[in-house]
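Protein chains in written order, with our numbering: chain P, 414 to 567; chain W, 414 to 567.
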DNA sequence: TCAACCTAGATGATGTGTCAACTATTCCAG
DNA sequence: CTGGAATAGTTGACACATCATCTAGGTTGA
């Protein structure tokens, strides 16, 4: 490795800020979500994917791709959600190896109850603090970093 | 609850982008860190705190405060790091309940080996993708959100 | 001085994430 | 059609996070 290119002062300020924000924001959103519903952040993400599709049933691998989760993580998590009655498994007729994950009525009720409050949390903690220009820049930044991540074999 | 104030299109774009970026960036940084050193992201954070102080020893609660970790998480993690020889515990003479955590030579060597590569990862994945204005805006956004978090009893 | 309370930190149970190995099915070359 | 490779998904072992609880040592006030 050649000489390390350390961060400039401005970059350090941005990086430390980002790290701190990320940690605290994630934690606070998880707390508020769980306080007002029996859902974890992960549960929420899974349920969102299931409500996004019309038939409320998705193949496991499709879910893994959308969530960008490893299949084993997903499998474990789905097992727990199934035990809690939020989702159900169904056999896939066209490929006997595969399985559909189906949103149950309880799962649908849970996310419909949780979503408005979660949006409210996001708005209060993030968007109420930002100007429209900052919102646009945040989107641009995220897109630029994501592009970088998908270049470099992420 | 009154009517939900849903996110505007611009806000949705920013939020989805942020969520995706956050997840993928964290994962990729952790992978690169662990590939080039035997350190997890958490190990790294602990070691950074220890190198920041001159005597390389910090009280556990002080560490918890800086990292914003719960004491039990920290206690468990320090136990594992101690088993791996990265840190050591020392009794505190002035308060017999307390303990100092000391950076070992192995711990110092580990972080000194890992740091340049980690900085390089951050630079490559984040700052190389951003303009100086975007970096400044990112810092401003982080500060604004952190201020909000610390208002609302985070 | 001593009882009630507070604080520093460790511990054990449980839920969650990751990795490697495994099972069952499908695909495909010959 | 068959034997090997690829694919869908599960499982088990282990690292990690959280919560409640526990221990031991300090602090305070009557």
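Glycine included, C-beta positions come from ideal geometry on N, C-alpha and C.
The structure presented is a predicted model; accordingly, all values stated were derived computationally and were not measured.
Chain-ordered neighbours of residue i on chain P, where CB pairs are closer than 7 Å
i	result
residue 554 of chain W	543, 547, 551
residue 417 of chain W	529, 532, 533
Contact list for residue i against chain W, beta-carbon separation under 9 Å
i	result
residue 479 of chain P	Here the premise fails: no neighbours, minimum Cβ distance about 11 Å.
Closest residue to residue i among the options (Cα-Cα distance)
i	options	result
residue 416 of chain P	W:529, W:541, W:428	W:529
residue 547 of chain W	P:511, P:507, P:558	P:558
residue 468 of chain P	P:478, P:454, P:503	P:503
residue 569 of chain W	P:561, P:532, P:500	For chain W, the structure presents residues 414 to 567; residue 569 of chain W sits outside this window and is missing.
residue 450 of chain P	P:499, P:552, P:509	P:499
residue 523 of chain W	W:437, W:441, W:486, W:447	W:447
residue 433 of chain P	W:422, W:441, W:479, W:509	W:479
residue 508 of chain W	W:551, W:564, W:472, W:431	W:472
residue 455 of chain P	P:488, P:541, P:550	P:488
residue 439 of chain P	W:444, W:431, W:550	W:431
residue 453 of chain P	P:418, P:552, P:422, P:497	P:497
Where residue i falls, given that 16 or more other Cβ within 10 Å makes a residue buried
i	result
residue 492 of chain P	exposed
residue 520 of chain P	buried
residue 539 of chain W	buried
residue 425 of chain W	exposed
residue 490 of chain W	buried
residue 483 of chain P	exposed
residue 566 of chain W	For residue 566 of chain W, the predicted model reports a pLDDT of 45, less than 50, meaning its position is unreliable and no value from the coordinates is stated.
Between the CA atoms of residue j and residue i - distance to the nearest angstrom
i	j	result
residue 427 of chain W	residue 554 of chain P	9 Å
residue 537 of chain P	residue 545 of chain P	15 Å
residue 420 of chain W	residue 534 of chain P	11 Å
residue 525 of chain P	residue 516 of chain W	49 Å
residue 475 of chain P	residue 466 of chain P	11 Å
residue 494 of chain P	residue 437 of chain P	26 Å
residue 486 of chain P	residue 458 of chain P	13 Å
residue 391 of chain P	residue 527 of chain P	The structure shown does not extend to residue 391 of chain P, since chain P is modelled only from 414 to 567, so the question has no answer here.
residue 511 of chain W	residue 501 of chain W	14 Å
residue 441 of chain W	residue 506 of chain W	42 Å
residue 477 of chain P	residue 532 of chain W	30 Å
residue 563 of chain P	residue 549 of chain P	21 Å
residue 464 of chain P	residue 481 of chain P	17 Å
residue 460 of chain W	residue 435 of chain W	23 Å
Under 7 Å from the C-beta of residue i: neighbouring residues of chain W
i	result
residue 426 of chain P	552
residue 558 of chain P	434, 438, 538, 539, 542
residue 498 of chain P	None at all; the shortest Cβ gap to chain W is about 25 Å.
Reduced DSSP secondary structure (H/G/I, E/B, other) of residue i
i	result
residue 424 of chain P	helix
residue 445 of chain P	helix
residue 466 of chain P	coil
residue 451 of chain W	coil
residue 483 of chain P	coil
residue 536 of chain P	helix
residue 416 of chain P	coil
residue 559 of chain W	helix
residue 472 of chain P	strand
Beta-carbon neighbours of residue i, restricted to chain P and to distances below 8 Å
i	result
residue 420 of chain W	532, 535, 536, 540
Contacts of residue i in chain P (Cβ-Cβ under 9 Å)
i	result
residue 423 of chain W	545, 548, 549, 552
Closer than 8 Å at the beta carbon, the chain W residues around residue i
i	result
residue 561 of chain P	537, 538, 539, 541, 542
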